[in-house]
Amino acid sequence: MDSDYLPLSRSRADRDAHSRTSPTLLAELVADPSTRVLRVHRGRVATLEGASGGDVGLRLGTPGTLTEGAQLVYLGRDQDARYVAEIVPDVGGAAPQGEPSRVGDDPQGGIAPQFSQLREIGWQLPARDAGLAATALALANWHATHTHCPRCGTPTEVVEAGWVRRCPADESLHYPRTDPAVIMAVVDDADRILLGHAVNWPEGQFSTSAGFVEPGESLEAAVRREVLEETNIIVGAVTYRASQPWPFPASLMLGFRGRALTGDVRPDGLEITAARFFTREELDSAAAAGELRLPGRTSIARGLIEEWFGGPLLD
């Protein structure tokens, strides 16, 4: 498995980090009509088509249609343009899921963008768009939850083109947060894969085990702990497969393959209500019959399962 080909890891833009330190960068970008702007609103990104319609791509606007009060963040550049995320403030209401929004509409009469969930359409986006959207959402989520200094509670100010928040009281600098989480395809000696059903998932939804890395814990230890806690399965050898950002709100998913040393599956009943080992034939037939729902194609869980399976699976 190659991280560069996972849906949300396919970033192609140069992050251009050295330019962020310029205090005039955002003003220059706003004054440049060639700058391309990605609107972000309520955890969604502006797209050309909805999740259910044809080809999907980001709807990139120009600085001339910026929303008053929006937070701007520099995303980077490529050979075509420089890119800015426009984080639209949560005022005036947002469109229901799957419907166009009038927030930030073009004052010249253009069509309002469709706002889509990245976790639903990420696998359909071109590589450049997937990288821009993942970065924009991660930063939007961080800004929304880190408005005050964690040391003294003073409201922070945004600097370095949206990549740093500075406390004016104690001069401390605060950077975007990323939480490491492990996700693992656990396989037994019969080459069956372990999948579980989480308590809050729709009926029939199954996926691989996953969980956050705890302080003082290695990635391999986190894999073994999570699988044991959730399913009572002891894991031996652990091998790294790939990683993918998951900005919902701030995770980095680190994918692994684990070898099951035991076979007595017992779901914990708290997080996982059902779990079992599947052969390839059982998984394929259950998915084809609609008895089992697989993780979405944007997730690394889908990639881990299909890597074990040996190819794509039907939804």
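Numbering-wise, the sequence shown is residues 22 to 336 according to the working numbering.
All C-beta atoms in this analysis are idealised placements derived from N, C-alpha and C, irrespective of residue type, glycine included.
In chain order, what residues of the same chain lie with their CB nearer than 8 Å to the CB of residue i, ignoring the 5 residues before and after it?
i      : result
Gly85  : Pro54
Pro333 : Glu327
In chain order, what residues of the same chain lie with their CB nearer than 7 Å to the CB of residue i, ignoring the 5 residues before and after it?
i      : result
Arg187 : Thr177, Glu178, Val180, Leu194
Trp163 : Pro197, Arg198, Ala271
Thr175 : His169, Cys188, Pro189, Ala190
Val244 : Val203, Met205, Val256, Val259, Phe277, Gly279
Gly131 : Unreliable positioning characterises Gly131 in this predicted model, as indicated by a pLDDT of 41, which lies under 50. The coordinate reading is nonetheless provided below. Contacts found: none.
Phe269 : Arg140
Asp23  : Ala263
Gly78  : Thr68, Leu69, Leu146, Pro147, Asp150
Val234 : Pro201, Ala202, Val203, Leu240, Ala243
Arg31  : Asp25, Ala148, Ala151, Gly152
Gln226 : His218, Arg314
What's the call for residue i, buried or exposed, on a 16-neighbour Cβ count within 10 Å?
i      : result
Gln100 : exposed
His62  : buried
Pro110 : exposed
Leu215 : buried
Glu247 : buried
Ala372 : Residue 372 lies beyond the stretch modelled for the chain, which goes from 22 to 336, so this question has no answer here.
Ala161 : buried
Just to confirm before moving on: does the CB-CB distance between residue i and residue j stay below 8 Å?
i      : j      : result
Leu275 : Ser264 : yes
Arg172 : Asp191 : yes
Leu81  : Leu59  : yes
Leu335 : Ala295 : no
Arg57  : Trp184 : no
Leu96  : Thr156 : yes
Ala67  : Gln145 : no
Asp141 : Gly317 : Here the sequence assigns Glu to residue 141, which means Asp is not the residue at that position. Cβ atoms of Glu141 and Gly317: closer than 8 Å.
Ile326 : Leu313 : no
Arg149 : Ala34  : yes
Leu50  : Val105 : yes
Ala91  : Ser228 : no
Ala219 : Ile293 : yes
Val208 : Ile254 : no
Ala159 : Pro266 : yes
Thr319 : Gly64  : no
Glu251 : Gly217 : yes
Thr340 : Glu107 : No answer is possible for residue 340: it lies beyond the span of the chain, which begins at 22 and ends at 336.
Report the partner residues of residue i according to the DSSP bridge assignment.
i      : result
Gln265 : Met274
Pro201 : Leu273
Glu178 : Arg187
Ile108 : Val61, Gln92
Gln226 : Arg314
Phe298 : Leu215
Asp209 : DSSP lists no partner for Asp209.
Ala281 : Val256
Arg103 : Arg98
Cutting at 6 Å between CB atoms, please list the residues of its own chain near residue i, excluding the five before and the five after it.
i      : result
Thr300 : Arg213
Gly331 : none
Thr45  : none
Could you confirm whether any beta carbon from chain D is found closer than 8 Å to the beta carbon of residue i?
i      : result
Glu178 : Chain labels in this structure do not include chain D; a single protein chain is all it has.
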